[in-house]
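*Asks:* Here it is, the structure, as structure tokens.
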Amino acid sequence: MASRARVRAPELIGKGGWLNTGGNDLTLTDLRGRIVILDFWTFCCVNCLHVLDELRELEERHRDSVVIIGVHSPKFVHEADHQAVVDAVERYGVEHPVLDDPELATWKQYAVRAWPTLVVIDPEGYVVAQHAGEGHAHAIEALVEELIAEHGAKGTLRRGDGPYVPPEPVATDLRFPGKAVRLPGGTFLVSDTTRHQLVELAADGEEVLRRIGSGERGLGPDSFNEPQGLALLPDGTVAVADTVNHAVRVFDPATGTLETVAGTGKQWWQGSPTAGPAREVDLSSPWDLAWWQDRLWIAMAGVHQIWAYDPADGTVAVAAGTTNEGLVDGPAAEAWFAQPSGLAAAGDRLWIADSETSAVRWIERAADDAADGYVVRTAVGTGLFDFGHRDGAAEQALLQHPLGVTALPDGSVAVADTYNHALRRYDPASGEVTTLATDLREPSAAVLADDDIVVVESARHRLTRLRLPEEAVRVESVAHRTQRAATDIAPGTLRLDVVFQAPAGQKLDIRYGPSTRLLVSATPPELLADGAGAGTDLARDLVLADGASEGVLHVSAMAASCDDAPDVEYPACHVHQQDWGVPVRITGDGAARLGLVLAGLDAE
Numbered sequence: 100m101a102s103r104a105r106v107r108a109p110e111l112i113g114k115g116g117w118l119n120t121g122g123n124d125l126t127l128t129d130l131r132g133r134i135v136i137l138d139f140w141t142f143c144c145v146n147c148l149h150v151l152d153e154l155r156e157l158e159e160r161h162r163d164s165v166v167i168i169g170v171h172s173p174k175f176v177h178e179a180d181h182q183a184v185v186d187a188v189e190r191y192g193v194e195h196p197v198l199d200d201p202e203l204a205t206w207k208q209y210a211v212r213a214w215p216t217l218v219v220i221d222p223e224g225y226v227v228a229q230h231a232g233e234g235h236a237h238a239i240e241a242l243v244e245e246l247i248a249e250h251g252a253k254g255t256l257r258r259g260d261g262p263y264v265p266p267e268p269v270a271t272d273l274r275f276p277g278k279a280v281r282l283p284g285g286t287f288l289v290s291d292t293t294r295h296q297l298v299e300l301a302a303d304g305e306e307v308l309r310r311i312g313s314g315e316r317g318l319g320p321d322s323f324n325e326p327q328g329l330a331l332l333p334d335g336t337v338a339v340a341d342t343v344n345h346a347v348r349v350f351d352p353a354t355g356t357l358e359t360v361a362g363t364g365k366q367w368w369q370g371s372p373t374a375g376p377a378r379e380v381d382l383s384s385p386w387d388l389a390w391w392q393d394r395l396w397i398a399m400a401g402v403h404q405i406w407a408y409d410p411a412d413g414t415v416a417v418a419a420g421t422t423n424e425g426l427v428d429g430p431a432a433e434a435w436f437a438q439p440s441g442l443a444a445a446g447d448r449l450w451i452a453d454s455e456t457s458a459v460r461w462i463e464r465a466a467d468d469a470a471d472g473y474v475v476r477t478a479v480g481t482g483l484f485d486f487g488h489r490d491g492a493a494e495q496a497l498l499q500h501p502l503g504v505t506a507l508p509d510g511s512v513a514v515a516d517t518y519n520h521a522l523r524r525y526d527p528a529s530g531e532v533t534t535l536a537t538d539l540r541e542p543s544a545a546v547l548a549d550d551d552i553v554v555v556e557s558a559r560h561r562l563t564r565l566r567l568p569e570e571a572v573r574v575e576s577v578a579h580r581t582q583r584a585a586t587d588i589a590p591g592t593l594r595l596d597v598v599f600q601a602p603a604g605q606k607l608d609i610r611y612g613p614s615t616r617l618l619v620s621a622t623p624p625e626l627l628a629d630g631a632g633a634g635t636d637l638a639r640d641l642v643l644a645d646g647a648s649e650g651v652l653h654v655s656a657m658a659a660s661c662d663d664a665p666d667v668e669y670p671a672c673h674v675h676q677q678d679w680g681v682p683v684r685i686t687g688d689g690a691a692r693l694g695l696v697l698a699g700l701d702a703e
């Protein structure tokens, strides 16, 4: 077995305390003898949710020797609210201890730079690996097996029950509902996300008429996996964004049947097909759906894109977005999104709640009306790092991680401003943003019901009916920027190294060309005089602009490794990928190198 650097793991500190431990605080000393995997996550981040799902099988298989610890490290202000973390742990079925670290104390101790990041600590308390992004479960599984063998032989492995203590279940009709749709008969169909079901409620939005689905995770004829978006189709059936199944299903309220129309049940990765027969193309965390221009449009939160399903020929294809995370308008094929999570069709526009940029955006036909020629535009929002609660002119208004949009009869748009606990309104005619209602606990969607609007209050586990107000609610203006410690770098040339070490028994497979990709950009773009753009090397020299003082470097990296088995014609391959947004400050005594770990340990 190859030798590893011996780095003692820093202690686990978090002002918010511990969850899923029965009220007990944990220390690394308490965990000595166990293999510990720290999962640095934040609940707004869809990539973090992917990793939670990637780890479930490993967690169950090695429950007697491995302890996974979630370290919740917030991006948005709302995510520093302890009750919001408690809700998220239940909402996403987290079955291991979680440290609530609202001040990023442990994040800083471990020099973490991105969500999600996984750190492996051996039974003697030393850090032995770090992985950023998604796609590392197979590598960690191999490392765990290696550590079990090594420390079992040394006598330093301690097996037994872990420290996880499940919370007491709470009886409510809905549990963290996601989206809703009004059926032709006046009843409501709601995605009961945490219970993996759909629920039909009476016209009052309260009485449960029936439940659809077994309540167990699955992709069978009677099961879902954290369903979210719903869209009423022209024939009266309902399309369902079956988010963690990476699939689109169709439910027939009349017969009760459930059919998969798009997706394979596997998550889409870079290099996978982006168009083709819908049942043969992988999807990635579809979050919402809308019927528009004779197609079913899909908010593909997992890859920062908008896709479209055409029932006429049974195909699915990317409609907008590059998979790069950010806010860039323009031709649909060149636009950037960041976790689009809400859709609403209104005439010639498809409205989008782009959650990670705290933005409201739309898609429309290009002016030249070319076939399938669409453009993307932004109504409210400026990018990944600015958010808050501010009304007024759209160009200076602020939202905080909105998850839903609803087209209103007057041509305006209601916005489920989720992390502000508010319902907002954008009026294209006046260009103004106002607040319709406050004191809504994590609203995630809304649906019209005659003269009322019915809001999905996800964290209050209910639908709330509101009369659309004639006057806006007065709210004190609040603005925020994502607060993360900046990295000091030297002016001139900066060496960027993305560290990737192929897991044991694997290698980079270059038989069909480069198996790595690196994309670099900056906010503001003028921060970089040279070095922006795409390439295949994981190392690059970046030239900082003269006079630049601060900004954010956006780095996206991907590497594919395959089993190193010369006698196997088609070895198994795995994709590792991550996006970083690194705040930097340029100072005379700053570093001339920036190392970002995709997988392994940075030796420098």
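In my numbering, the protein residues as written are 100 to 703. We treat Cβ as the ideally placed atom computed from N, Cα and C, and that holds for glycine.
1. If you reduce the DSSP assignment to three classes, tell me which class Thr292 lands in.
2. Looking at Gly413: is its Cβ nearer than 9 Å to the Cβ of Arg378?
3. Taking Glu569 as the reference, which of Ala431, Leu547, Thr533 has the closest Cα?
4. Just mark Lys174 as buried or exposed, buried being the case when its beta carbon has 16 or more other beta carbons within 10 Å.
5. Suppose the cutoff is 6 Å on Cβ atoms and the five residues either side in sequence are ignored; what does the same chain contact list for Lys278 look like?
6. May I ask which residues mark the beginning and end of the alpha helix (DSSP H) holding Gly328?
7. Quick check on the DSSP output: what are the complete beta strand (DSSP E) runs of length 3 or more inside the segment 223–305, in order along the chain?
8. Would you tell me roughly how many angstroms separate the C-alpha atoms of Val642 and Phe484, rounded to the nearest one?
9. Give me the residue from Val696, Lys606, Ala698, Ala633 with the minimum Cα distance to Asp663.
10. Look up Ser543 in the DSSP assignment and say whether it is helix, strand or coil.
11. So, is Gln296 buried or exposed, given that buried needs 16 or more other C-beta atoms within 10 angstroms?
12. When you compare only the Cα positions, how much space is there between Ala101 and Gly699?
13. For Ala302, which option in Pro320, Leu652, Leu282, Leu318 has the closest C-alpha, if you only look at C-alpha atoms?
14. Three-state secondary structure (DSSP) at Tyr209?
15. On the CB-based measure, 16 or more other CB atoms within 10 Å of its CB, does Pro71 come out buried or exposed?
16. Beta-carbon separation of His230 and Val243 under 9 Å?
17. Note the first and the last residue of the continuous alpha helix (DSSP H) segment covering Arg160.
18. Between Arg489, His488, Asp550, Asp516, which lies nearest to Asp509 when the distance is taken from Cα to Cα?
19. Who are the near neighbours of Glu625 in its chain, counting only those whose CB is closer than 8 Å to its CB and skipping five residues on each side?
20. Under the assumption that Leu618 contacts Ser655 (Cβ atoms under 8 Å), give the Cβ distance between them as a whole number of angstroms.
21. So, for Val349: in the same chain, excluding its five sequence neighbours on each side, which residues have a beta-carbon less than 6 Å away from its beta-carbon?
22. Do the CB positions of Gly362 and Val343 come within less than 9 Å of each other?
23. Could you check if Glu455 is buried or exposed, using at least 16 other CB atoms within 10 Å of its CB as the buried criterion?
24. What would DSSP say about Pro623, mapped onto helix, strand or coil?
25. Whole angstroms is fine: what's the gap from Ser511's alpha carbon to Arg476's?
26. Do you know offhand how far Val474's Cα is from Gly446's?
27. DSSP has Arg190 in a bridge; who is on the other side?
28. Looking at C-alpha atoms only, which residue of Glu494, Ala431, Gly472 is the closest neighbour of Ser457?
29. Decide if Asp199 is buried, meaning its Cβ has at least 16 other Cβ atoms within 10 Å, or exposed.
30. Check the C-beta distance from Arg394 over to Ala374 and give it rounded, since I have them as a contact under 8 Å.
31. Would Phe139 and Val184 be called neighbours here (beta carbons separated by less than 9 Å)?
32. Does Val577 pass the burial test, meaning 16 or more other C-beta atoms within 10 Å, or should it be called exposed?
33. Candidates Gln404, Ala585, Glu575: which alpha carbon is nearest Ala432's?
34. What are the start and end residues of each continuous alpha helix (DSSP H) run of 4 or more residues lying completely inside the segment 423–502, in chain order?
35. Using 10 angstroms around the beta-carbon of Ser529, count the other beta-carbons present and answer buried if the total reaches 16, otherwise exposed.
36. Indicate the three-state DSSP secondary structure (helix, strand or coil) for Arg105 in the structure shown.
*Replies:* Here's the rundown:
1. In the sequence shown, residue 292 corresponds to position 193, counting from 1. The three-state secondary structure of Thr292, taken from DSSP, is helix.
2. Your numbering for residue 413 matches position 314 in the sequence shown. Your numbering for residue 378 matches position 279 in the sequence shown. Yes, the pair counts as a contact, with Cβ atoms nearer than the cut-off.
3. Sequence index remark: in the sequence shown, residue 569 carries index 470 (1-based). When only C-alpha atoms are compared, the closest one is Thr533.
4. If you number the sequence shown from 1, residue 174 lands on position 75. Within a 10 Å sphere around the beta-carbon of Lys174 sit 16 or more other beta-carbons, which makes this residue buried.
5. The sequence position of residue 278 within the sequence shown is 179, counting from 1. Answer for Lys278: Ser290, Gln327, Gly328, Leu329, Ala544, listed in chain order.
6. To locate residue 328, count along the sequence shown from 1; it is residue 229. For Gly328, no alpha helix (DSSP H) run applies; the uninterrupted beta strand (DSSP E) run containing it begins and ends at 326–331, by DSSP.
7. List check, beta strand (DSSP E) in window: 225–231, 279–281, 287–291, 296–300.
8. Here residue 642 refers to the residue found at position 543 of the sequence shown. Here residue 484 refers to the residue found at position 385 of the sequence shown. The alpha-carbon of Val642 is positioned some 23 Å away from that of Phe484.
9. In the sequence shown, counting from the first residue as 1, residue 663 sits at position 564. By alpha-carbon distance to Asp663, the top candidate from Val696, Lys606, Ala698, Ala633 is Lys606.
10. Working through the sequence shown from its first residue, we reach residue 543 at position 444. Looking at Ser543 - three-state DSSP - the assignment turns out to be strand.
11. For the purposes of this step, residue 296 is identified with residue 197 of the sequence shown, where counting begins at 1. By the neighbour-count rule (16 or more Cβ atoms within 10 Å), Gln296 is buried.
12. Within the sequence shown, numbered from 1, the residue matching residue 101 stands at position 2. Within the sequence shown, numbered from 1, the residue matching residue 699 stands at position 600. Low confidence applies here, because Ala101 scores a pLDDT of 42, under 50, leaving its location unreliable; read the following figure in that light. If you draw a straight line from the Cα of Ala101 to the Cα of Gly699, it comes to about 13 Å.
13. Working through the sequence shown from its first residue, we reach residue 302 at position 203. Ranking the options by Cα distance to Ala302, first place goes to Leu282.
14. By one-based count along the sequence shown, residue 209 stands at place 110. Coil.
15. Because the chain is modelled from 100 through 703, residue 71 falls outside the range shown and cannot be assessed.
16. Here residue 230 is taken as the residue at index 131 of the sequence shown, counted from 1. Here residue 243 is taken as the residue at index 144 of the sequence shown, counted from 1. Taking 9 Å as the Cβ cut-off, His230 and Val243 do not qualify as a contacting pair.
17. Indexing the sequence shown from 1 puts residue 160 at position 61. For Arg160, the enclosing alpha helix (DSSP H) has its first and last residue at 145–160.
18. Within the sequence shown, numbered from 1, the residue matching residue 509 stands at position 410. Measuring C-alpha to C-alpha distances from Asp509 to each of Arg489, His488, Asp550, Asp516 identifies Asp550 as the nearest.
19. Start at 1 with the first residue of the sequence shown, and residue 625 comes out as number 526. These residues qualify, in order along the chain: Ala644, Ala647.
20. The residue labelled residue 618 in the question sits at position 519 within the sequence shown. The residue labelled residue 655 in the question sits at position 556 within the sequence shown. Yes, they are in contact, since the Cβ atoms of Leu618 and Ser655 sit about 4 Å apart, within 8 Å.
21. Taking the sequence shown and counting its residues from 1, the one referred to as residue 349 is at position 250. Exclusion of the five residues before and after Val349 leaves Thr336, Ala338, Glu358, Val360 as the residues of its chain whose Cβ lies within less than 6 Å of its Cβ.
22. For the purposes of this step, residue 362 is taken as the residue at position 263 of the sequence shown. For the purposes of this step, residue 343 is taken as the residue at position 244 of the sequence shown. No, they are not a contact pair.
23. Here the question's residue 455 lines up with position 356 in the sequence shown. Classification of Glu455: buried, given that the 10 Å Cβ count is 16 or more.
24. If you number the sequence shown from 1, residue 623 lands on position 524. In the structure shown, Pro623 falls within a coil segment according to DSSP collapsed to helix, strand and coil.
25. Residue mapping note: residue 511 aligns to position 412 of the sequence shown, counting from 1. Residue mapping note: residue 476 aligns to position 377 of the sequence shown, counting from 1. If you take the alpha carbons of Ser511 and Arg476, they lie about 16 Å apart.
26. The residue given as residue 474 occupies position 375 in the sequence shown. The residue given as residue 446 occupies position 347 in the sequence shown. Those two C-alpha atoms are separated by around 15 Å.
27. Here residue 190 refers to the residue found at position 91 of the sequence shown. Its beta-bridge partners do not exist; DSSP assigns none.
28. The residue labelled residue 457 in the question sits at position 358 within the sequence shown. Looking at the Cα atoms, Glu494 is the closest of the given residues.
29. Indexing the sequence shown from 1 puts residue 199 at position 100. Classification of Asp199: buried, given that the 10 Å Cβ count is 16 or more.
30. Your numbering for residue 394 matches position 295 in the sequence shown. Your numbering for residue 374 matches position 275 in the sequence shown. Contact flag wrong, Cβ pair sits at about 13 Å.
31. Stepping through the sequence shown from its first residue, residue 139 is reached at position 40. Stepping through the sequence shown from its first residue, residue 184 is reached at position 85. Not in contact: Phe139 and Val184 (Cβ atoms no closer than 9 Å).
32. Within the sequence shown, residue 577 is the residue found at index 478, counting from 1. Burial call: exposed.
33. Sequence index remark: in the sequence shown, residue 432 carries index 333 (1-based). Taking only the C-alpha atoms, the option nearest Ala432 is Gln404.
34. Fully enclosed alpha helix (DSSP H) runs of 4 or longer: not present.
35. The residue given as residue 529 occupies position 430 in the sequence shown. By the neighbour-count definition (other C-beta atoms within 10 Å, threshold 16), Ser529 is an exposed residue.
36. In the sequence shown, counting from the first residue as 1, residue 105 sits at position 6. Correct three-state label for Arg105: coil.
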